[in-house]
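If you want my numbering, it's the position in the sequence shown, counting the first as 1, plus 1085. The structure appears right after this line, and notes come after that.
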Amino acid sequence: MQERERGFTLLELIVVIAIVGILATIAMPAMKDMPRRAQESVLKTNLRTLRDVIDQHYGDKGKYPSSLAALVDTGYLRKVPNDPITKSSDTWIPIYEELDPDNPPAEVETSEDGQPGIIDVRSGAPGNSLDGTPYSEW
C-alpha cells in the first residue's frame, strides 16, 4: 500500500488566499493615509515647538521676537523647522501682536527693533487636513 503524501488541498489554499485578500482589502484604505497622517503629526509638533519657543523668548526677554529668524539668532532654535506639508521653512505665517493705538510703541513691550513681535505662528500650507480643517487655522 502506498502512503499518501501530506499537504494542503487546493480548496484549503483557495480559502487561505481569499481570507488574506479580504484582510488586505480592509487594511489598504487605512494604509493609504499613513504618509499624510505622519506629515500632519510632524506639523503639529513643529507648531507646538515654535509656539513654546516664542513663549520662552517672551518669558526671558519680556518681548516677543520680531521674526522666526530672531529665535535662531538668540539661540532658542538651531534652525527654523520646515513645514512638512510645503517642505519649506519660509511658508510659516507669523501672527503679530496688535499694538494699542492709544499707547505709542515706546510705552509697550515691543520686539527688539521696536516693531510688534510674533505672538503665534500658523502653517502656510494650502489645503485641508484629513479632519477637514484648513492647515492655515492650525
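Think of the CB as a built atom: it goes at the ideal place given N, C-alpha and C, for glycine as much as any other residue.
Checklist line | Identity of the residues DSSP links to I1203 by a beta bridge | finding: Note: I1203 sits in a beta bridge opposite Y1181.
Notebook entry, point to check: Ends of the alpha helix (DSSP H) at Y1143?
Noted result: Where Y1143 is concerned, the enclosing alpha helix (DSSP H) stretches over 1119-1146.
Note to self: Assess contact between the segment 1140-1156 and the segment 1115-1126, defined as three or more Cβ pairs (one per stretch) separated by less than 8 Å. Is contact present?
What the structure shows: The segment 1140-1156 makes no contact with the segment 1115-1126; the number of CB pairs closer than 8 Å stays below 3.
Next item on the list: Could you give the DSSP three-state label for V1193: helix, strand or coil?
Entry: Because V1193 sits at a pLDDT of 46, beneath the cut-off of 50, its placement in the model cannot be relied upon, and the point is left open.
Notebook entry, point to check: Going along the chain, which residues of its own chain have a beta-carbon closer than 8 Å to the beta-carbon of W1177, five neighbours each way excluded?
Noted result: Residues of the same chain with a CB within less than 8 Å of the CB of W1177, apart from the 5 flanking positions on each side, are L1135, L1153, V1165, D1168, V1206, R1207, S1208, G1209 in chain order.
Margin query: Just to confirm, is the Cβ distance from Y1149 to E1182 under 8 Å?
Written below: Contact: yes.
Check: Nearest-angstrom Cα distance between G1217 and P1114?
Finding: So the alpha carbons of these two residues sit roughly 17 Å apart.
Check: Alpha carbon to alpha carbon, how far is Y1220 from D1118?
Finding: Using only the alpha carbons, I get a separation of about 16 Å.
Check: Of all the options D1175, I1204, L1128, which has the alpha carbon lying nearest to the alpha carbon of Y1143?
Finding: Ranking D1175, I1204, L1128 by Cα distance to Y1143 puts I1204 first.
Checklist line | Option nearest S1173 by Cα separation, candidates Q1141, K1146, I1104, P1211 | finding: It is P1211.
Checklist line | Beta-carbon proximity of V1138 to L1108, cut-off 8 Å | finding: Contact: no.
Notebook entry, point to check: Opposite D1226 in the DSSP bridges: which residues?
Noted result: Because the chain is modelled from 1086 through 1223, residue 1226 falls outside the range shown and cannot be assessed.
Next item on the list: Classify P1114 as helix, strand or coil using the three-state DSSP reduction.
Entry: Three-state result, P1114: helix.
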